[in-house]
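Numbering (our numbering), first residue to last: 8 to 887.
Even glycine gets a Cβ: it sits at the ideal position worked out from N, Cα and C.
For reference, the structure discussed in these notes is given below.
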């Protein structure tokens with residue numbers, strides 16, 4: 008159908024490339040002119056012609072200017088790159104840069120130089136002086152991008168910053184080159200360098216300074232956490248980020264698709280007992296699958312049967328698990344069941360040094376610090392009999408979907424985006440443009456081979472590896488889990504085949520293993536982790552600058568031997584649910600016109616086949632009477648498997664789309680609250696007075712004079728500052744409670760479907776009511792706190808003990824990237840003391856006034872209708 012539409016209307020991708028060709032021609036026409044300029048002339052002309060854009064205050068005017076000057080700026084960047092980096096942008100790289108500037112996704116194959124491509128739109132958009140962000144999946148790629156391209160940016164008078172984990176930040180400094188040391192082979196211990204000697208030009212700086220740079224590199228996690236931290240700040244000088252104007256997301260499919268279901272969460276410890284997790288971890292293994300509980304692998308959920316519920320009730324010694332007094336146990340039961348039935352050790356997580364560490368299902372990398380939320384991680388810890396850590400309470404949260412949709416212009420680049428084009432368009436409003444390769448792709452992709460059983464498949468894979476290795480062809484074998492990679496490793500050892508294993512358990516050796524993976528006859532067994540941001544060079548690691556002639560000659564001989572053997576052979580031991588992941592594995596071979604080949608081996612025992620496509624193929628093989636070790640190799644089989652993958656991808660897309668529809672509700676509320684909070688935070692003396700007047704409007708007329716008399720002895724500016732802080736802390740405390748309420752609402756709203764009512768509509772209605780109540784409650788509590796306070800000077804406040812607040816950074820699939828304790832400091836003499844009592848607790852410098860007359864109506868919000876029936880607000884009636 009797609010091919011028919013292309014014949015009728017033309018290929019839309021080809022049409023898009025045709026539109027940008029005139030821009031590329033213009034850039035090329037300027038090259039000869041710029042080559043004649045001296046270095047100083049290049050600098051002066053660039054600054055003279057393009058830095059005027061910073062004097063334009065209107066963003067739209069700046070955008071028009073940048074669009075008009077794109078060919079000239081790109082031509083300057085290309086020329087400067089030739090002189091500072093020794094690299095010239097090819098035409099296809101110019102095309103990628105244009106696509107990125109237009110706010111689209113550039114799909115560029117492995118080895119096509121995406122890091123260099125990004126310099127073009129980054130420089131162009133940084134000229135506006137509003138900041139341009141390059142988002143990467145990990146710290147290593149962020150540092151590589153900033154450090155390797157730093158000479159280009161600084162030549163053009165543009166500053167470069169890097170934000171890293173644990174609030175570490177750096178800026179690029181060309182003056183630091185004197186500290187550069189040649190890295191030797193013995194220095195290369197890890198793929199993720201963490202010492203300053205690895206990046207001699209990256210100088211430590213504050214977070215705010217890194218964001219103030221013209222171009223800022225960083226990870227998706229850190230950009231998100233900084234956004235949340237900024238919206239929890241109580242002092243303006245704690246703010247770090249500027250307005251989110253332009254971002255390029257590297258490996259955009261990984262961040263915006265794979266990570267879409269993982270919200271970022273800042274949390275604080277909650278007071279929940281760990282004993283119940285241990286108790287349920289003992290009960291669940293005694294239950295029988297298909298008798299006491301049912302597992303749906305396709306939808307990934309577990310259901311208890313009546314038999315199972317009775318057994319659990321008996322084990323706990325309760326009559327009715329769903330009674331009011333014991334219903335809280337149901338949550339622990341559900342999480343313990345998931346931990347037992349859906350999560351497998353060495354597939355979904357590993358246990359290392361007494362900790363449960365999540366394994367990224369798409370990359371195979373360990374994710375230390377991340378924790379599953381809602382008690383699931385604690386349930387897995389109890390299952391594995393390691394220390395059960397405390398649960399946490401959400402204080403701020405956002406999904407990557409909503410974080411990156413806040414940017415004025417968003418772009419992305421990856422080697423595999425076309426299969427997810429529909430999702431990018433519908434959720435992020437991003438078009439995908441496939442950029443052609445600089446050299447033709449000559450890799451040979453074989454049809455899939457399918458076996459009846461997994462053991463027959465692995466036997467065939469071992470024989471295939473042996474065949475390639477004997478002719479000195481390097482082999483990269485991709486597995487989908489640690490467990491499968493270790494099983495294959497045992498079979499290879501038994502067959503006497505030397506090999507390296509690269510999975511989450513050996514991630515420290517990743518650089519060393521990948522460095523040698525392209526050598527003649529080398530066999531590397533890897534989970535998906537070897538794919539992203541790393542090139543496997545045919546012949547092994549190329550000698551660097553200063554290498555001896557002997558080393559260069561030896562490498563060239565190895566390189567030629569591998570080319571003659573057919574390049575890198577990629578063998579997939581199983582199809583992944585997403586075609587993208589399979590394409591990433593294939594993409595390790597055939598880079599930049601190199602020869603290579605790929606082959607996937609599949610069995611009917613594989614998860615994808617068993618759950619989604621096994622029955623039809625199994626009956627076909629049974630009818631043919633094929634033995635277990637006899638494979639089927641046909642285009643029809645490959646097509647059937649890809650159809651199964653499309654079904655899974657469609658199912659996962661529906662889940663993500665469903666989630667974003669619900670998350671959009673809380674996102675709109677978050678924007679309103681954060682906007683109000685930011686307005687209060689940034690108030691000055693004049694606007695402080697306006698906030699004070701807003702507070703006075705909330706009071707009953709009879710209360711206003713009393714309130715004014717109460718604060719007459721306090722310095723006006725100091726009191727306004729206290730008033731502002733009380734407002735901020737009240738918003739924070741109630742917002743935390745609101746997030747918890749919304750989470751509980753979300754978990755139970757699906758039951759509305761049984762009443763033939765749309766759960767999403769019901770959720771929106773309920774959420775609106777809760778948010779209206781939240782806004783009223785913020786006003787009520789601010790007024791109530793101000794009315795009950797008595798201001799004391801610092802001398803009487805300093806003696807009060809104050810508990811510390813410990814904050815953790817957390818993903819919903821994950822907790823905690825760092826902790827930041829906060830505690831009050833003693834104020835100067837005769838200043839108002841501000842004391843924070845617990846996470847989000849009331850801020851007080853006061854002792855509540857004694858209330859002599861009890862309120863007959865109990866606790867009623869000041870803006871709520873008075874219970875007496877007068878029709879007036881409570882604060883203007885019996886609450887006066």
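Inter-stretch contact at 8 Å, needing at least 3 Cβ pairs: the region 405 to 425 / the region 568 to 578: no
Contact under 7 Å by Cβ, residue 246 with residue 233: Residue 233 is positioned such that its CB atom lies no closer than 7 Å to that of residue 246.
Cβ shell of residue 635 (< 6 Å), same chain only, five flanking positions each side left out: Excluding sequence neighbours, residue 635 sits near 459, 460, 463.
Nearest candidate by alpha-carbon position, reference residue 73, set 103, 135, 413, 179: When each option's Cα is compared against that of residue 73, the closest is 135.
Beta-carbon contacts of residue 895 that lie in its chain and below 8 Å, excluding the five residues immediately before and after: With the chain covering only 8 through 887, there is no way to say anything about residue 895.
Residue range of the beta strand (DSSP E) that includes residue 303: 300 to 303
For residue 533, the residue or residues it bridges with in DSSP: 485, 509
Three-state class that DSSP yields for residue 409 in the structure shown: Helix at residue 409.
For residue 891, the residue or residues it bridges with in DSSP: Here the chain has residues from 8 to 887 only, and residue 891 is not among them.
Nearest to residue 126 (by Cα), restricted to the options 167, 350, 57, 145: 167
Nonlocal neighbours in the same chain, by C-beta distance under 6 Å from residue 122, ignoring five residues either side: 152
Cβ contact check for the region 380 to 392 and the region 342 to 351: 3 or more pairs under 8 Å: yes
Residues that residue 605 bridges to, as DSSP identifies them: 452, 577
Euclidean distance between Cα positions of residue 669 and residue 270: 13 Å
Nearest-angstrom Cα separation, counted from residue 225 out to residue 141: Residue 141 and residue 225: Cα-Cα distance of roughly 6 Å.
Selected residue, minimal CA-CA separation from residue 637, among 610, 646, 760: 610
Delimiting residues of the beta strand (DSSP E) encompassing residue 114: 112 to 114
Bridge partner(s) assigned by DSSP for residue 419: 112, 256
Buried or exposed by the 16-neighbour rule on C-beta atoms within 10 Å, applied to residue 379: Label assigned to residue 379: buried.
Reduced DSSP category for residue 43 - H, G, I as helix; E, B as strand; rest coil: coil
Sequence ranges, alpha helix (DSSP H) only - wholly within the region 712 to 796, length at least 4: 723 to 755, 766 to 794
Those residues which DSSP pairs with residue 225 across a bridge: DSSP links residue 225 through a beta bridge to 142, 170.
Anticipated Cβ contact below 8 Å, residue 545 with residue 525, distance rounded: 5 Å
Identity of the residue in 145, 478, 603, 402 nearest residue 453 by Cα: 603
Cβ pair residue 522, residue 548 closer than 7 Å: yes
Short Cβ contact (7 Å threshold) for residue 176 with residue 217: For residue 176 and residue 217, yes; Cβs fall inside 7 Å.
Among 150, 223, 214, the one whose alpha carbon lies nearest that of residue 205: 150
Where the alpha helix (DSSP H) containing residue 321 begins and where it ends: 313 to 323
Whole-angstrom distance between residue 471 and residue 502, CA atom to CA atom: 12 Å
N-terminal and C-terminal residue of the beta strand (DSSP E) that residue 271 is part of: 271 to 276
Identity of the residues DSSP links to residue 310 by a beta bridge: 301
Through-space distance from residue 468 to residue 754, alpha-carbon basis: In this structure, the CA atom of residue 754 is about 45 Å from the CA atom of residue 468.
DSSP three-state assignment for residue 401, whether helix, strand or coil: strand
Integer Cβ distance of residue 283 from residue 339, believed to fall under 8 Å: Their Cβ separation, rounded to whole angstroms, is 5 Å, which keeps residue 283 and residue 339 in contact under 8 Å.
Whole-Å CB distance - residue 403 paired with residue 235, under 8 Å assumed: About 4 Å; that satisfies the 8 Å criterion.
Residue 860 classed as buried or exposed, judged by whether at least 16 other C-beta atoms fall within 10 angstroms: The predicted position of residue 860 is uncertain, since its pLDDT is 38 and thus under 50; a value taken from the coordinates is nonetheless stated next. The residue in question, residue 860, is exposed, as its Cβ has fewer than 16 Cβ neighbours within 10 Å.
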